[in-house]
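Colleague:
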Amino acid sequence: MTPLSTLRVQFNAGYTFDDASRDVPAFAALGVSHLYASPIWTAATGSTHGYDVVDPGTVSDVLGGESGLRRLRDRLAAFDMGLVLDIVPNHMGIGPANRWWCDVLRRGRQSPYARYFDIDWEGNADVPAGKVLLPVLADSLADTLARRELSVVHGMTGESSLACGDARWPLAPDTLGIADAARTAQDWQQVLARQHYRLAHWPLARDALNWRRFFDITTLAAVCVERPEVFDAVHALVLRLFADGVIDGVRIDHVDGLGDPGAYCRMLRAALRAHGRGREPWIVVEKILMNGERLDARWQTDGTTGYDFMNDVGALLHDANGASELDALWRSATGDVRDFDSHVRQAREQLIVERFGSEMARVAKALSALVEADASGPARDLGIASLHRCACALAASFPVYRCYPDGPEAADAANEVLATAMAAARRKLHALDHAALAQLVRWLTPGENGATGLRRDAQIRFAQTTAPLAAKAVEDTAGYRWGRLLSRNDVGCDAATLSLPPEAFHRANAHRAQHWRTAMLTTATHDHKRGEDVRARLAVLSEVPARWAEMVAGWRVENDRHRDAAANAPDPAHELMLYQTLAGAWPCGWSSSAPTREAIATFVGRVAQWQRKAIREAGLRTSWLAPDSNYEAACEAFLAAIMAEPSFVQSMQAFSDAIGPAGALNGLTQTFLRLTCPGVPDTYQASIGWDQTLVDPDNRRPVRFDFATTGSTMDRAGWLALMDRWEDGDIKRALLRALLHLRRAFTPAFMHGDYVALEARGPCASQVVAFARVPAPRTGGALVCVATRHAARHLGATAPVPGMSRSAPRLRAQDWRETVVDIGPVSRTTHCRSLICEAAIGTRSGSELALSEVLDVLPVALLTPG
Numbered sequence: 009m010t011p012l013s014t015l016r017v018q019f020n021a022g023y024t025f026d027d028a029s030r031d032v033p034a035f036a037a038l039g040v041s042h043l044y045a046s047p048i049w050t051a052a053t054g055s056t057h058g059y060d061v062v063d064p065g066t067v068s069d070v071l072g073g074e075s076g077l078r079r080l081r082d083r084l085a086a087f088d089m090g091l092v093l094d095i096v097p098n099h100m101g102i103g104p105a106n107r108w109w110c111d112v113l114r115r116g117r118q119s120p121y122a123r124y125f126d127i128d129w130e131g132n133a134d135v136p137a138g139k140v141l142l143p144v145l146a147d148s149l150a151d152t153l154a155r156r157e158l159s160v161v162h163g164m165t166g167e168s169s170l171a172c173g174d175a176r177w178p179l180a181p182d183t184l185g186i187a188d189a190a191r192t193a194q195d196w197q198q199v200l201a202r203q204h205y206r207l208a209h210w211p212l213a214r215d216a217l218n219w220r221r222f223f224d225i226t227t228l229a230a231v232c233v234e235r236p237e238v239f240d241a242v243h244a245l246v247l248r249l250f251a252d253g254v255i256d257g258v259r260i261d262h263v264d265g266l267g268d269p270g271a272y273c274r275m276l277r278a279a280l281r282a283h284g285r286g287r288e289p290w291i292v293v294e295k296i297l298m299n300g301e302r303l304d305a306r307w308q309t310d311g312t313t314g315y316d317f318m319n320d321v322g323a324l325l326h327d328a329n330g331a332s333e334l335d336a337l338w339r340s341a342t343g344d345v346r347d348f349d350s351h352v353r354q355a356r357e358q359l360i361v362e363r364f365g366s367e368m369a370r371v372a373k374a375l376s377a378l379v380e381a382d383a384s385g386p387a388r389d390l391g392i393a394s395l396h397r398c399a400c401a402l403a404a405s406f407p408v409y410r411c412y413p414d415g416p417e418a419a420d421a422a423n424e425v426l427a428t429a430m431a432a433a434r435r436k437l438h439a440l441d442h443a444a445l446a447q448l449v450r451w452l453t454p455g456e457n458g459a460t461g462l463r464r465d466a467q468i469r470f471a472q473t474t475a476p477l478a479a480k481a482v483e484d485t486a487g488y489r490w491g492r493l494l495s496r497n498d499v500g501c502d503a504a505t506l507s508l509p510p511e512a513f514h515r516a517n518a519h520r521a522q523h524w525r526t527a528m529l530t531t532a533t534h535d536h537k538r539g540e541d542v543r544a545r546l547a548v549l550s551e552v553p554a555r556w557a558e559m560v561a562g563w564r565v566e567n568d569r570h571r572d573a574a575a576n577a578p579d580p581a582h583e584l585m586l587y588q589t590l591a592g593a594w595p596c597g598w599s600s601s602a603p604t605r606e607a608i609a610t611f612v613g614r615v616a617q618w619q620r621k622a623i624r625e626a627g628l629r630t631s632w633l634a635p636d637s638n639y640e641a642a643c644e645a646f647l648a649a650i651m652a653e654p655s656f657v658q659s660m661q662a663f664s665d666a667i668g669p670a671g672a673l674n675g676l677t678q679t680f681l682r683l684t685c686p687g688v689p690d691t692y693q694a695s696i697g698w699d700q701t702l703v704d705p706d707n708r709r710p711v712r713f714d715f716a717t718t719g720s721t722m723d724r725a726g727w728l729a730l731m732d733r734w735e736d737g738d739i740k741r742a743l744l745r746a747l748l749h750l751r752r753a754f755t756p757a758f759m760h761g762d763y764v765a766l767e768a769r770g771p772c773a774s775q776v777v778a779f780a781r782v783p784a785p786r787t788g789g790a791l792v793c794v795a796t797r798h799a800a801r802h803l804g805a806t807a808p809v810p811g812m813s814r815s816a817p818r819l820r821a822q823d824w825r826e827t828v829v830d831i832g833p834v835s836r837t838t839h840c841r842s843l844i845c846e847a848a849i850g851t852r853s854g855s856e857l858a859l860s861e862v863l864d865v866l867p868v869a870l871l872t873p874g
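Numbering (our numbering), first residue to last: 9 to 874.
#1: Residue 489 and residue 626 look like a contact to me (Cβ under 8 Å); what is the Cβ gap, rounded to whole Å?
#2: Do you know whose CA, among 635, 254, 376, lies nearest residue 463's CA?
#3: Per DSSP, residue 841 is paired with what?
#4: Is the region 631–649 close to the region 516–529, with three or more CB pairs under 8 Å?
#5: For the beta strand (DSSP E) containing residue 208, list its first residue and its last residue.
#6: Since residue 100 is in the beta strand (DSSP E), which residue starts that stretch and which ends it?
#7: What number of angstroms, rounded off, separates the C-alpha of residue 349 from the C-alpha of residue 480?
#8: Could you check where the beta strand (DSSP E) with residue 15 kicks off and where it finishes?
#9: Does the distance from the C-beta atom of residue 136 to that of residue 216 stay below 9 Å?
#10: Under 9 Å, do residue 16 and residue 692 count as touching if we go by C-beta distance?
#11: Flag residue 847 as yes when its Cβ comes closer than 8 Å to any non-hydrogen atom of the ligand GTP, and as no otherwise.
#12: Does the region 647–663 come within contact of the region 565–581, defined as at least 3 CB pairs closer than 8 Å?
#13: Return helix, strand or coil for residue 406, following the three-state DSSP convention.
#14: Do the region 731–741 and the region 585–599 meet, that is, are 3 or more Cβ pairs less than 8 Å apart?
#15: Counting beta carbon pairs with one atom in the region 317–335 and one in the region 539–558, are three or more of them shorter than 8 Å?
#16: Look at the alpha carbon of residue 199 and the alpha carbon of residue 185, and state the distance between them as a whole number of angstroms.
#17: Quick check on the DSSP output: the alpha helix (DSSP H) that includes residue 269 runs from which residue to which?
#18: With distances taken between CB atoms, is the gap from residue 680 to residue 870 smaller than 9 Å?
#19: In the region 693–748, which residue ranges form an unbroken alpha helix (DSSP H) of at least 4 residues, counting only runs that do not cross its ends?
#20: Touch check for the region 97–108 and the region 52–64: three-plus C-beta pairs under 8 Å?
#21: Less than 8 Å between the CB atoms is what I'm expecting for residue 235 and residue 123, so what's the real figure, rounded?
#22: So the beta strand (DSSP E) residue 172 belongs to, where does it begin and stop?
#23: For residue 707, collect the residues of the same chain with a Cβ closer than 7 Å to its Cβ; drop the 5 residues on either side in sequence, then sort them by chain order.
#24: I'd like to check one pair, residue 866 with residue 698: are the Cβ atoms closer than 9 Å?
#25: Spatial neighbours of residue 358 within its chain, please: C-beta separation below 8 Å, excluding the five flanking residues on both sides.
#26: In whole angstroms, what is the alpha-carbon distance linking residue 745 and residue 100?
#27: Go through its chain and collect everything with a Cβ distance to residue 96's Cβ below 7 Å, but skip five positions before and after it.
#28: State the beta-bridge partners of residue 856 as determined by DSSP.
#29: Three or more C-beta pairs closer than 8 Å, one from the region 497–512 and one from the region 272–289: is that the case here?
#30: Report all residues from its chain with a CB closer than 7 Å to the CB of residue 159; omit the five preceding and five following residues, and keep chain order.
#31: Is the distance from the Cβ of residue 257 to the Cβ of residue 11 below 9 Å?
#32: On the premise that residue 161 lies in contact with residue 83, defined as a C-beta separation below 8 Å, what is that separation, rounded to the nearest angstrom?
#33: Straight-line CA distance for residue 767 to residue 609?
#34: In the structure shown, what three-state DSSP assignment does residue 497 receive?
#35: Determine whether the beta carbon atoms of residue 467 and residue 452 lie at a separation below 9 Å.
#36: Considering only DSSP beta bridges, list what residue 59 is partnered with.
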């Protein structure tokens, strides 16, 4: 069954299947059709997220085991709800609980699981053939041996392990005797020489790793899911759960990490369909679309997980008129005159050198094989070193995550992508490398019938490098270096584009309605950098850039005494990003009552956690690989000092009070559009109320679902009462609940209906987004959807902050000044009925709705004509 809507929950030791079973009545009262679960397989000990799967064949006992999962499913079914799962086909955690990996370490190439992992058994200059590199030692191997830190540990089951501190690695079966007898460094060298792995100092992973990993994380090893035996082993439990009706579909994590995502998705759909005896599964893929990229319909998925929609609706809330002033503020405060794309390229180049050397080395090895195969051809004279330089330059210039190796459509898409990347790479390379670059691009372009053999291998190796490189460079590194407005720096968002006009938003939705009616829509995820309502509030700054610049200037002067001048900490970029983060995440509840000392301390701790991650991800003043503890401590001390200053706290509170109502209005519009645009809306657990979370682990904190629920409809007075106390988040929860129940009541329009953009006319036309959802075929009347944007000036956000009074986040009738929406393309009637407020609204001339009546209570409206 295709979901009407989903609710994403994060399972871990603190929230189990039994906990979710207890909360099912709350989920049902909210109105979602499906629970959408984080990975539920057996994961590494202590996992808080489940993406470090160690056994895909079993359900985590920590979460409640398979019996607990089935009880949860039965509980959901009793409330007419279903279940979808997040699956992880690309990689596994490689701790001691992963019996596949441990068997490979114990038996090497003779292990039946040796082909399960993407290991280059031929080795390289740093890793002997037949061995797996384990870059896990805190110091060099020589120092480790000199300090006699290795030992043998005998297990309860008769198998023994090599130990160093708390770490354990299997011993080869025929080496136990000599390992027990080892006393000197030379003895241990003999033991290690007979193992199927090479222990090494952890930095060697940057350049010499001979197995594919997830991004640059050496605790997660990629699996070869394209091999039939691996596919069967990884998916056996998923297929059984689908066959038994326990689940209705899956979300595929990191699909771009797979060798051929399209082939995999088709294989998975066919397998699920076969095991489900013809029942169609719902399949969505975690796929970032960049620079106008479209998801390939030949993959046979229902669509993406919705980052594309998150980008569109977020940009719609921003005001393009603020771009120049925000740019000027960033440049003047930081001295940084580069645009976002320049930061991305620099980040890619730096990451290739510092963190993706192993991946580029494997690309070069694949290219070397192509050269060897062309022994008498022109490629022989290009040189591997030149091809390696060209591959690095091309990867650094890639405009999308990756290319795909299947068929003529893939070739057409790849031609454009590779041409763009090639042009940029040529500008960076010496002219002597241009011939090698041209040859490289020819090899990387898929053929009419798809590439085969060595060429296909090179294409896949390159694609499996550009995808994680793009993710790290765009989302993490550049996104934490360039901060014109952080509400646009998030997963899947085009940070270089501040705003999206309504016309472009309508075009994107019309495309979804035509091609991807059952794709997921999201505005918050377990991976977002900032909660959806942090972004909604920060969007207000694009409407009041001059006021924001004035506030920042004052704070910089006031707080200068708290900076560590010697360490230049925080540097201007980090300081400006900190002020944005504080403004966006400043708790809504602090507007109505002064926070306690404990509440402020908790908030500071959360922001400090974000700050450390942000400056490490930026990789300029400190990093994960080489932390600068002095700089990090100085930044944390700065945060603590300014938050201990009553004058700063009062100033930030006053500014929060000024922009908070407009930010809340944005949040309601964002929720409304997610629930009414074409697709399957997902609600992340933290965003049932105001979502002011920051990057993980903050956004994955436990959530209580024992919230009070209102009826699915209320009268005008009830809605106005919620609007007047907007800070507690009940207004958002009530709107979410009302819309989820309306989706059930009007399923034909929302799940199968066409999308028709409606025109607004009048002085405030630019502040409204209106469209209709029309059942197809016509099984009822159209639904008219109206939402507000860019309302800061009506809510006092442009007024001077000192002494300003709070106002409820709603537009008064007179604010619309005779602005109307023309519903003529879908209906001509004398009146409409508001489905949220249960009110009758008359039309003018049979097709015009006055916004002063439509939006006199809420900033959004859902109406049915007649």
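Note that the Cβ used here is the ideal one computed from N, Cα and C, for glycine as well. Quantities reported herein were computed from a predicted structural model and do not represent experimental measurements.
Modeller: Reading from the atomic positions:
#1: The C-beta distance from residue 489 to residue 626 rounds to 5 Å, short enough to fall under 8 Å.
#2: Considering only alpha carbons, the answer is 376.
#3: Beta-bridge analysis with DSSP links residue 841 to 848, 872.
#4: These segments do not touch.
#5: For residue 208, the enclosing beta strand (DSSP E) begins and ends at 205–209.
#6: Looking at the DSSP string, the run of the beta strand (DSSP E) that includes residue 100 is 99–101.
#7: Cα-Cα distance, rounded: 14 Å.
#8: Looking at the DSSP string, the run of the beta strand (DSSP E) that includes residue 15 is 14–17.
#9: Taking 9 Å as the Cβ cut-off, residue 136 and residue 216 do not qualify as a contacting pair.
#10: Yes; because the gap between Cβ atoms is below 9 Å, this pair is in contact.
#11: Ligands displayed in this structure: none; no statement on the ligand GTP is therefore possible.
#12: By the C-beta criterion, the region 647–663 is judged to be in contact with the region 565–581, since at least 3 inter-stretch pairs fall below 8 Å.
#13: Residue 406 falls in the coil class under three-state DSSP.
#14: The region 731–741 is in contact with the region 585–599.
#15: At 8 Å Cβ cutoff, the stretches touch.
#16: Their Cα atoms are separated by approximately 10 Å.
#17: From DSSP, the alpha helix (DSSP H) with residue 269 extends over 269–283.
#18: Against a cut-off of 9 Å, the Cβ pair of residue 870 and residue 680 comes out as a contact.
#19: Runs found: 724–732.
#20: A contact between stretches requires three or more CB pairs, one per stretch, nearer than 8 Å, and the region 97–108 meets this requirement with the region 52–64.
#21: Right, their Cβ atoms sit about 6 Å apart.
#22: 168–172 is the extent of the beta strand (DSSP E) around residue 172.
#23: Counting only residues of its own chain and dropping the five nearest sequence neighbours on each side, residue 707 has a CB closer than 7 Å to the CB of 534, 536, 539, 694, 701.
#24: Cβ atoms of residue 698 and residue 866: not closer than 9 Å.
#25: Contacts found: 485, 627.
#26: In a straight line, the C-alpha of residue 745 is about 37 Å away from that of residue 100.
#27: Correct list, in chain order: 47, 59, 61, 261.
#28: According to DSSP, which records beta bridges pairwise, residue 856 is partnered with 830, 852.
#29: The region 497–512 is not in contact with the region 272–289.
#30: Once the five neighbours on either side are set aside, the close Cβ partners of residue 159 are 171.
#31: Cβ atoms of residue 257 and residue 11: closer than 9 Å.
#32: At roughly 43 Å, the Cβ-Cβ gap does not stay under 8 Å, so residue 83 and residue 161 are not in contact.
#33: C-alpha separation (whole angstroms): 48 Å.
#34: Correct three-state label for residue 497: coil.
#35: Contact flag set, yes.
#36: According to DSSP, residue 59 bridges with nothing at all.
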